[in-house]
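Q: One line per chain: the protein sequences are A, B and C, in this order. Counting in the working numbering, the first sequence runs from 1 upward without gaps. Counting in the working numbering, the second sequence runs from 1001 upward without gaps. Counting in the working numbering, the third sequence runs from 2001 upward without gaps. Where is the CB? At the ideal position from N, CA and C, for every residue including glycine.
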Amino acid sequence: MTDTESEPAQPPAVALTGITKRFPGVVANSDVHLTVRAGEVHALCGENGAGKSTLMKILYGMQAPDEGTIEVGGEPVRFRSPAEAIKAGIGMVHQHFMLADNLTVLENVVLGAEGLHGIGRRAKARIRELAGATGLDVDPDTLVERLGVADRQRVEILKVLYRGARIVILDEPTAVLVPQEVDELFETLRSMRADGYTFLFISHKLDEVRTIADTVTVIRRGTTVGTVDPRTVSSRQLAEMMVGSELPSPEHRHTPIGDDEVLRVEGLTLRTQDDRTLLDSLDLVIRSGEVLGIAGVEGNGQTELVETIMGMRRAAEGRVLLAGKDLTKAGTLARREAGIGYIPEDRTRHGLLLTQPLWANRILGHQTRRPTARGAMLDIAGARRDTERIVEEFDVRTPGIEVAAASLSGGNQQKLVVGRELSGDPVLLIASHPTRGVDVGAQAAIWDQIRSARARGLAVLLVSADLDELIGLSDSILVMLRGRFVADADPTTVTPEDLGSAMTGAGSDRVDHIEEGETR
Amino acid sequence: MTAKLRSTLLAPTLAIAFSALLCALALLASGANPADALGVMIGHVGKGQVAVDIVNSTAIYMLAALAAAIGFQMNLLNIGIEGQYRIGALVAAIVGSALVLPPVLHWLVILVVASLAGALWALLPAILKVTRGVHEVLSTIMMNAIAFGLAAYLIRRDMFGILVGNNVSTEPIPDSGRVPGIDLGDRGTVFGLVFLAVVVAAVYGIVMKRTRFGFELKASGESPTAAAAGGVNAKKMVVVSLLVSGAVAGLVGMPEILGRDHAYTLNFAAGYGFAGIGIALLGRNHPVGIAFGSLLWAFLEKSKVALDNVGVPREIATIMQGSIVLSVVVAYEIVKRMDLAAEQRRVGRALGTAKPAEQVGGDGK
Amino acid sequence: MRFKRGVAVTAIALTSVLSVVGCAKDSASSNNSSGGQNGAAGCQTVDKPPAASGQASTSEVATDVDASSLKVGLAFDIGGRGDASFNDSAAAGLDEAIAQLGVKKENTKELTATDQESEDSKQTRLRQLAREGHNPVISVGFAYSEATKVIAGEFPNTQFAVVDGFVEGAPENVTFLGFAEHEGSFLVGVIAALESESCTIGFVGGVNVPLIQKFQAGFEQGVKAVAPDATVNSRYITEAGDLTGFTDAPKGQVTAKGLIDQGADVVYHAAGASGKGVFAAAHEAGIKAIGVDSDQYNQPTVAEYKDVIISSMLKRVDVAVFDYIAAVAAGDLANLPQVFDLKVNGIGYSTSGDMLSDETVDWVEAYKQQIINGEITVSDTPTTS
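(1) Roughly how many angstroms lie between the CA atoms of Pro-399(A) and Pro-1255(B), to the nearest whole one?
(2) Between Pro-2210(C) and chain B, is there a C-beta pair that is closer than 8 Å?
(3) Using a C-beta cutoff of 8 Å, does Val-1050(B) count as contacting chain C?
(4) Could you check which residue in Leu-2094(C), Asp-2120(C), Asp-2164(C), Thr-2114(C) has the C-alpha nearest to that of Pro-2136(C)?
(5) Looking at the strands, I want to know which residues DSSP matches up with Val-41(A).
(6) Identify whether Ile-1971(C) lies in helix, strand or coil by the three-state DSSP scheme.
(7) Quick check on this structure: which residue in Val-479(A), Asn-102(A), Ile-157(A) has the alpha carbon closest to the alpha carbon of Val-144(A)?
(8) Use the C-beta contact count for Thr-98(A): other C-beta atoms within 10 angstroms, 16 or more gives buried, fewer gives exposed.
(9) In chain order, what residues of the same chain have a beta carbon less than 7 Å from the beta carbon of Ile-1324(B), not counting five sequence neighbours either side?
(10) Which one of Lys-1336(B), Ser-1303(B), Pro-1313(B), Val-1330(B) has the shortest CA to CA distance from Gly-1043(B)?
(11) Kindly list, in the order they appear in chain E, the residues whose Cβ is closer than 8 Å to that of Ile-363(A).
(12) Just to make sure I have the definition right: I need the residues of chain B whose C-beta is within less than 7 Å of the C-beta of Arg-220(A). Which are they?
(13) Does chain A have any CB closer than 8 Å to the CB of Glu-1222(B)?
(14) Determine the closest residue to Arg-362(A) out of Val-182(A), Gln-449(A), Thr-387(A), Leu-177(A), with distance taken between C-alpha atoms.
(15) Taking only beta-carbon positions, decide if Thr-355(A) is within less than 8 Å of chain B.
(16) In terms of alpha-carbon separation, which member of Pro-496(A), Pro-65(A), Asp-488(A) lies closest to His-513(A)?
(17) If you draw a straight line from the alpha carbon of Phe-79(A) to that of Leu-34(A), how long is it in whole angstroms?
(18) Pull up the CB-CB distance for Leu-2194(C) and Gly-2222(C), whole angstroms please, since I reckon it's below 8 Å.
(19) Please confirm whether Gly-2165(C) has its beta-carbon closer than 8 Å to some beta-carbon of chain B.
(20) Tell me whether Val-176(A) sits in a helix, a strand or coil according to DSSP, three-state version.
(21) Going by Cα to Cα distance, which pick from Ala-2092(C), Ile-2078(C), Asp-2164(C) is closest to Gln-2117(C)?
(22) Closest to Ala-2084(C) by CA distance: which of Val-2162(C), Leu-2070(C), Gly-2291(C) is it?
(23) Using beta carbons (cut-off 8 Å, strictly below), is Ala-1011(B) in contact with chain A?
(24) Can you tell me whether DSSP reads Pro-24(A) as helix, strand or coil?
(25) Could you list which residues in chain B have their beta carbon closer than 7 Å to that of Arg-2127(C), in chain order?
(26) Taking contact to mean at least 3 C-beta pairs separated by less than 8 Å, is the segment 1050-1065 of chain B in contact with the segment 1290-1301 of chain B?
(27) Count the other CB atoms within 10 Å of the CB of Asn-2157(C); is the residue buried (16 or more) or exposed (fewer)?
(28) To the nearest angstrom, report how far apart Thr-20(A) and Asp-326(A) are at their CA atoms.
(29) Is there a C-beta anywhere in chain C that falls below 8 Å from the one on Phe-1268(B)?
(30) Please compile the residues from chain C whose C-beta is within a distance smaller than 7 Å of the C-beta of Gly-1259(B).
(31) Could you check if Ala-323(A) belongs to the surroundings of the ligand FMN, using beta carbon to heavy atom distance under 7 Å?
(32) Leaving aside the five residues before and after Ile-430(A) along the sequence, list all residues of the same chain whose C-beta is less than 6 Å from its C-beta, in chain order.
(33) List the residues of chain A that Asn-1233(B) touches, going by C-beta distances under 9 Å, in chain order.
(34) Just to confirm my understanding: we take Gly-1181(B), look at its own chain, exclude 5 residues before and 5 after, and list those with CB closer than 7 Å. What are they?
(35) Which ranges would you report for the alpha helix (DSSP H) in the segment 297-360 of chain A if only whole runs of at least 4 residues count?
(36) Which residues in the same chain as Val-2267(C) place their Cβ atom closer than 8 Å to its Cβ, once the five residues preceding and following it in sequence are excluded?
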């Protein structure tokens, strides 16, 4: 059907040659070469921070390269803005959706491209036509706020197609999807590929890359290390190209669980101001030395659960007990003082004071406790000493403790946060996505730290979107859907696919479904 | 450390140089000689009581700027200093004139009353902010308007005012409530409460640097979300910082009232609150920076009379005040980015790799 | 284009005003500048007082002195020369002294206060003038009272004067030049009562301070003396402490507009440079206005609105400044009037533009004489407020 094969001399859809981009102090891309054939799904793989996003921003006209050339369809181009990239037929779907919730699908798609087909019937017809041709089926008149994550992604893709893109950059499109949705997305991509669309697929999930990509280019430390055919290499080989060393894997190591009940949550219920239920009468118990994993598609109440246990949100009903002590009415500080450590899901928003030096970040959350404080006064010397200890013990790569937190890499920032939260002998650690956005080395180090703390009797509530991580670290797993625990699973037997099914509410043999009213 | 000092001084130096250049151009355009004007401004300091006036004004500006800085630390814009110090001064003058107490106690009572009145005037915006989410800029501006109205009402002759010629004043504060100054003869009298400003600045510096409260304030300012996760009660911090800011603002009028005027009159100077906001920006919320900023501001303010005296448009000093604040804000931002980039470079070099966090500078603002 | 539209708007406004008036009083002539029975057109008036008798004395100060050796320093209040108000009036007094008394222009210096300045700036200003050998040093505005008292102590051989000023315990080398503004305001109140059609009259004060309350007080008494049933609505642009009320013409316009909307058809202002806005509002609404301090009909800064300025209350700061300089030159300060009032022509009213009928002038002159004779005592504090 496609005429791509009948014209082998067709120039590549995109060719990047010798791209170099320097930021102050950092070479984000150096001498990158990337050739994308028309009508293929080309995966770009690399660790977080390897330079994938910068490269795509350059291709999409958001940043200008310091050196190198870009060719689209054989023509050299120089984009000064995304608008110019779109004009050349390149569209980008960002990892974080850029949709206005209170507008309809139609309005979101048309927003900013009103000149193409107007905003009325013609626009709607065009969207229907595109949706029909590509299988990106969404009702143009639905409000975006009613849509699930997968549908929103479809809208994002429709948006770029509507603007005439034939080459679509997908930035980690599967990060927000459950396995079944990933399969659907891949189906769509395959059929669109058959229609002649070209995809640049950014990911670090190697299995997915191997499933969908025709060609894989691996990028490491800002430069391309090779382009391979995914059918001829294994995931492990790919991973080693990415990391440049042997790959750590999260494997389950069992340690005995104590008898002491550390955290007990009873009937925890949280509502929004307009009385929507976010958490619906949740019960859970964590014992010392136990890791309880919470699985779930993002947005099903995990964040709210964590923040309610931390006292950052006020529960409407229910109790939170730590080692038998009722903390339901306590503030965040009192809960921390009672022995809860908290690794927030977004370290830059909730975990760190980015412009402050590392030692000041050590104080945050510990401003009432030794060794960082004495009464109402701070103990700055104590804070510095203890920061040195964390840097040492947790292998935080930094020239010193006076540098601003912002100047560390994501993984080292996270190691600092983990080190801080494990300081002061906590009895409970709440870890939200503890290895999100960190490199493989830091990931392994953080896993090790959590494991060894557990071995010392720490209770851990682990929320993660990385199902391998959940299965690898947890002693038991609860699946959360729409503010309720809908299933529990044994990590020694469950597979990511089983969990994925349970997360969407579908059934599976290897998870136990929790009936309404049942207490676990 | 020297590098840090250099970058701290770089921004204000650049800003002052830039605004001086701007003013020089404005002067040239208006047909005056910038060098002569500068000579007059500097020569003026040595004349009469000007040097002492500058010191006295510096203290007043410091108090106002410290009040602003307390709010700035957690990104609260207390525009209401203007009204808070007016109310503080008026209430303190009324109470002070009605009391008979031993000298030192009398001053202290007046100072406490001024602080309380200032804090009270900041209370409503604080409550509105934490309960209804009303932005403090709006509410404090409105409180300024109310303060002016209330002051005008309280000083009526049927309230607490007495007529002095064509002026209206509160009853004079008795001798026991007057704070003696340092009499330098022909050079004038340094207000005794200049030392109050120094003490407030020192306390502020220590609190910000060494105490839990200061840390929580700064943390809330830098990232409210991170502060909340770290156990800082945002609402409490809003209320406390606005009240403390108002309390310090309440003291702004005290050096003049207890040191010279001994009463609140219609001539009570306005505008210190707004100047304080500019100076806090200029001094980067740092007590030493604020002290120097206040000195510079006072110098420019006093030079207006001298410029007028030699026929140079004295608006040039106002232009300079404004352009310094503007260029300081810009310069700090530039220097901050340069510093961060330099630090990332340094970290990258030290570690032999070059990987930044993907969200440098983050949001949180 | 804009100008034309403005004219059109004004014309419409005028027509509507006229038609309203016409409806209300279909038999009466709505034009009262032609003279005749204008007193009966608007308010119910009291009986006309007896014609003026007796004479106003003038200031005793000699004008043939030689002041060529004097160095005169003038410290203005906010606004300075060109404020179309009392600073300008003081400047006129100095100009008069230059012209008539031989004061050399190069021997004079004028400095101006800034908005929101502190007390020490006023002191520094006066000290500068005194140190440079200016004698006398004249400051304009009561805000200088305290500073003058301090600086006069430092320079006992220099003469100081403060227009509008007064403070207890000032040294002997300080002269306070005070005015009986309430007396002059009484007279223009009489004019307003006679000229009003709607019998609703407005007063716009710049800032609500005792000095301006004197204007309000006199004005209200003047209106009530003629027409006890008349309504006088008094408004201030700003409250005490906010001096912008004297310098903010747009606010003056809004304030006057408010009074006009309440029915005022004669508006008197004591609002310094804000008065320009008052005139603009009067002009737009096609009503009458009364100026203040100097003869505003002839004032260039408000010339575009001169057709609405039927009179001005004259506060002869120029006379006071001139007399004071002459008295200093003659070494004879004792003969200066204690208060510049109607009797010494320190206060008066203007008839420039000939918009007052002879009848009105007769009324005013009669009241003026009664005040000079002491038959009427004008209070300087408003009864309402």
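A: For this structure:
(1) On the first sequence, residue 399(A) is found 399 positions in, with the first residue counted as 1. On the second sequence, residue 1255(B) is found 255 positions in, with the first residue counted as 1. Answer to the nearest angstrom: the Cα atoms are 48 Å apart.
(2) Counted from its first residue, the third sequence places residue 2210(C) at position 210. At a cut-off of 8 Å, the C-beta of Pro-2210(C) has a neighbouring C-beta in chain B.
(3) Residue mapping note: residue 1050(B) aligns to position 50 of the second sequence, counting from 1. For Val-1050(B), the closest Cβ of chain C is nearer than 8 Å.
(4) Here residue 2136(C) refers to the residue found at position 136 of the third sequence. Measuring from the Cα of Pro-2136(C), the nearest candidate turns out to be Leu-2094(C).
(5) By one-based count along the first sequence, residue 41(A) stands at place 41. Its beta-bridge partners are Phe-199(A).
(6) For residue 1971(C) there is no data in the structure shown, the boundaries of chain C being 2001 and 2385.
(7) Taking the first sequence and counting its residues from 1, the one referred to as residue 144(A) is at position 144. Considering only Val-479(A), Asn-102(A), Ile-157(A), the residue with the shortest C-alpha distance to Val-144(A) is Asn-102(A).
(8) Against the first sequence, residue 98(A) aligns to sequence position 98. Contrary to the premise, residue 98(A) reads as Met rather than Thr in this sequence. Per the 10 Å Cβ criterion, exposed.
(9) Counted from its first residue, the second sequence places residue 1324(B) at position 324. Hits under 7 Å: Ala-1015, Ile-1016, Ser-1019, Leu-1282.
(10) Here residue 1043(B) is taken as the residue at index 43 of the second sequence, counted from 1. Taking only the C-alpha atoms, the option nearest Gly-1043(B) is Ser-1303(B).
(11) In the structure shown, chain E cannot be found, because the protein chains are A, B and C.
(12) Position 220 of the first sequence, counted from the start, is the residue given in the question as residue 220(A). Within 7 Å of the CB of Arg-220(A), no CB atom of chain B is found; the nearest one sits about 11 Å away.
(13) Position 222 of the second sequence, counting from 1, holds the residue named residue 1222(B). Glu-1222(B) counts as touching chain A.
(14) Here residue 362(A) corresponds to residue number 362 of the first sequence, with the count starting at 1. Selected option, being the one with the closest Cα: Thr-387(A).
(15) Working through the first sequence from its first residue, we reach residue 355(A) at position 355. Closer than 8 Å: yes.
(16) Here residue 513(A) refers to the residue found at position 513 when the first sequence is read from its first residue. The shortest C-alpha separation from His-513(A) is found at Asp-488(A).
(17) Along the first sequence, one-based indexing puts residue 79(A) at 79. Along the first sequence, one-based indexing puts residue 34(A) at 34. If you take the alpha carbons of Phe-79(A) and Leu-34(A), they lie about 17 Å apart.
(18) The count along the third sequence starts at 1 and reaches residue 2194(C) at position 194. The count along the third sequence starts at 1 and reaches residue 2222(C) at position 222. Wrong, their Cβ atoms sit about 10 Å apart, outside the cutoff.
(19) Numbered from its first residue, the third sequence carries residue 2165(C) at position 165. So, interface residue.
(20) Here residue 176(A) corresponds to residue number 176 of the first sequence, with the count starting at 1. In the structure shown, Val-176(A) sits in coil (DSSP, three-state: anything other than H, G, I, E or B).
(21) Position 117 of the third sequence, counted from the start, is the residue given in the question as residue 2117(C). A small fix is needed here, since residue 2117(C) is Glu in this sequence, not Gln. Nearest Cα to Glu-2117(C) within the set Ala-2092(C), Ile-2078(C), Asp-2164(C): Ile-2078(C).
(22) As a first step, residue 2084(C) is located in the third sequence; it is residue number 84 there, counting from the start. Among Val-2162(C), Leu-2070(C), Gly-2291(C), the Cα nearest to that of Ala-2084(C) belongs to Gly-2291(C).
(23) Against the second sequence, residue 1011(B) aligns to sequence position 11. No, because no Cβ of chain A sits closer than 8 Å to the Cβ of Ala-1011(B).
(24) The count along the first sequence starts at 1 and reaches residue 24(A) at position 24. With a pLDDT of only 47 at Pro-24(A), under 50, the local geometry of the prediction cannot be trusted, and no value is derived from it.
(25) Sequence index remark: in the third sequence, residue 2127(C) carries index 127 (1-based). Simply Gly-1048.
(26) Under the three-pair Cβ rule at 8 Å, the segment 1050-1065 of chain B counts as touching the segment 1290-1301 of chain B.
(27) Against the third sequence, residue 2157(C) aligns to sequence position 157. Per the 10 Å Cβ criterion, exposed.
(28) Start at 1 with the first residue of the first sequence, and residue 20(A) comes out as number 20. Start at 1 with the first residue of the first sequence, and residue 326(A) comes out as number 326. It is roughly 57 Å from the alpha-carbon of Thr-20(A) to the alpha-carbon of Asp-326(A).
(29) Counting from one through the second sequence, the residue named residue 1268(B) turns up at place 268. Closer than 8 Å to some Cβ of chain C, the Cβ of Phe-1268(B) qualifies, so yes.
(30) Taking the first residue of the second sequence as position 1, residue 1259(B) is located at position 259. Against chain C, the beta carbon of Gly-1259(B) has no neighbour under 7 Å; the closest one sits roughly 11 Å away.
(31) This structure lacks the ligand FMN, and indeed carries no ligand of any kind.
(32) Reading the first sequence from its first residue, position 430 is the one you call residue 430(A). Its chain contains Val-306, Tyr-342, Leu-461 as the residues whose beta carbon lies nearer than 6 Å to that of Ile-430(A), once the 5 sequence neighbours on both sides are disregarded; these appear in chain order.
(33) Locating residue 1233(B) in the second sequence gives position 233, where the first residue counts as 1. Chain order gives the chain A residues near Asn-1233(B) as Gly-331, Thr-332, Leu-333, where near means a beta carbon separation below 9 Å.
(34) Counted from its first residue, the second sequence places residue 1181(B) at position 181. If we look at Gly-1181(B) and ignore the five residues flanking it on each side, its Cβ neighbours are Thr-1189, Val-1190, Phe-1191, Gly-1192, Gly-1259.
(35) As far as the segment 297-360 of chain A is concerned, its whole alpha helix (DSSP H) runs of at least 4 residues are 302-309, 332-337.
(36) Position 267 of the third sequence, counting from 1, holds the residue named residue 2267(C). If the five residues before and after Val-2267(C) are omitted, its C-beta is found closer than 8 Å to the C-beta atoms of Ile-2201, Gly-2202, Phe-2203, Val-2204, Ala-2256, Leu-2259, Ile-2260, Val-2278, Ala-2281, Ala-2282, Ile-2287, Lys-2288, Ala-2289, Ile-2290, all from its own chain and listed in chain order.
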